[in-house]
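Q:
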Amino acid sequence: MLAQGDIEVAAPARSSLALEDVRAAYGPVRALDGVSLTVAEGEVVAVVGPSGCGKSTLLDLVCGLRAPDAGTVRADDAVLMPQRDGLLPWLSALDNAGLALRVAGVSREVARARAREHFAAFGLGGFEAARPAQLSGGMRQRIAFLRTLLAGRPVLCLDEPFGALDALTRAQMQDWLAATLEREPRTVLLVTHDVEEAVLLADRVVLLSPRPGRVVAELPVTAVRPRRRADPELVALREAAMHALKASGGAA
Ligand SMILES: Nc1ncnc2c1ncn2[C@@H]1O[C@H](COP(=O)(O)OP(=O)(O)OP(=O)(O)O)[C@@H](O)[C@H]1O
Ligand SMILES: [Mg+2]
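Residue numbers (this note's numbering): 757 to 1008.
1. Which class does Arg779 belong to by DSSP, given the choice of helix, strand or coil?
2. Do Arg960 and Glu974 have their C-beta atoms within less than 8 Å of each other?
3. May I ask you to report which of helix, strand or coil DSSP gives Glu952?
4. Going along the chain, which unbroken runs of the alpha helix (DSSP H) with 4 or more residues stay wholly within the segment 902 to 942?
5. Verify the contact flag: Lys811, CB atom, against every heavy atom of ligand 1, threshold strictly below 7 Å.
6. Looking only at its chain, what residues have a beta carbon closer than 6 Å to the beta carbon of Arg786, apart from the 5 residues adjacent to it on each side?
7. With a Cβ-Cβ cutoff of 8 Å, do Cys913 and Cys809 count as a contact?
8. Would you mind sorting Ala849 into buried or exposed? The rule is 16 or more other CB atoms within 10 Å of its CB.
9. Expressed to the nearest angstrom, what Euclidean distance is found between the alpha-carbon atoms of Ala886 and Ala992?
10. Answer yes or no: the CB of Asp841 versus the heavy atoms of ligand 2, is any distance below 7 Å?
11. Ignore the nearest five residues each way along the sequence and tell me which others in Pro941's own chain have a CB closer than 7 Å to its CB.
12. Can Ala979 and Leu990 be called in contact, C-beta distance under 8 Å?
13. According to DSSP, is Leu964 helix, strand or coil?
14. Tell me which residue opens and which closes the beta strand (DSSP E) that Leu855 is part of.
15. Quick one: residues in its chain with C-beta nearer than 7 Å to the C-beta of Arg909, no 5 flanking neighbours on either side, listed in chain order?
16. Helix, strand or coil for Leu993? Go by DSSP, reduced to three states.
17. Are the Cβ atoms of Arg779 and Gly854 separated by less than 8 Å?
18. In terms of residue numbering, what span does the alpha helix (DSSP H) encompassing Thr813 cover?
19. Between which two residues does the alpha helix (DSSP H) containing Arg870 stretch?
20. Does any heavy atom of ligand 2 sit closer than 7 Å to the C-beta of Glu916?
21. Taking the alpha-carbon positions, what's the Arg994 to Leu821 distance?
22. Spatial neighbours of Val800 within its chain, please: C-beta separation below 7 Å, excluding the five flanking residues on both sides.
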């Protein structure tokens, strides 16, 4: 019980990453134009915008793969799950999953053991020795995600993780990712062009304009988890997001 005079105040969440008035260009092509964005520790933020509006560029900035042309980027150690799964075709599923550990200097045996611990929970049990070509698109994405998770960085940058999957597999993978993040909470910056995916998974949805990308709206998603796609709150948010995207000149 609180003593008289005590005030119960939630401690302000620490920000894991903060972009301030960031601009980025490739020669004459302006990709991002004055983007400011903060993600709190443990928060899942989705970034939605039309193709070419600078979403992948934004993740490159957060992961330190390129520097902004103007503005500032501050981010905790972040790992990128790239838009294409990036699995190495000659490595087994197990070795692909443990790749980030190997790059960090962990021995093959320990990397395999660490990856193996997660295979069953990731729906990959029995496929440890399979090569990427022998796996379905959904399985490949799960391995790519496991590799990202095992990198052990506090911030995960996911670039359209399910963009290449068919609608049914994508829906299954979205539910799977939501459950995985409940089990293993992380700070996540999730890039997608799928508004439904954004409101299903994120605590907050940031909408970008067509190129050069600018933030046109931010929508908090307060619906409790586990979430249902048909939840009227989520349906209304999808409508609001689509409306804001269309008004900015782009639709996801
Ligand atoms: N390496 C590069 N060299 C030149 N231009 C680039 C390069 N990478 C991106 N661009 C340009 O910058 C803009 C933003 O690209 P980016 O890949 O960040 O967009 P995106 O929002 O991720 O698009 P998509 O949804 O199609 O993945 C595009 O117009 C693209 O042509
Ligand atoms: Mg992209």
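Positions of the beta carbon are idealized from the N, C-alpha and C atoms, including for glycine.
None of these values were measured; they are calculated from a predicted model.
A: With the structure as the only source:
1. strand
2. yes
3. helix
4. 923 to 939
5. yes
6. Pro968
7. no
8. buried
9. 43 Å
10. no
11. Gly798
12. yes
13. strand
14. No beta strand (DSSP E) holds Leu855; the alpha helix (DSSP H) holding it covers 855 to 859.
15. Asp833, Ala834, Val835
16. helix
17. no
18. 811 to 818
19. 864 to 875
20. yes
21. 32 Å
22. Leu937, Val944, Leu946, Leu957, Ala958, Asp959
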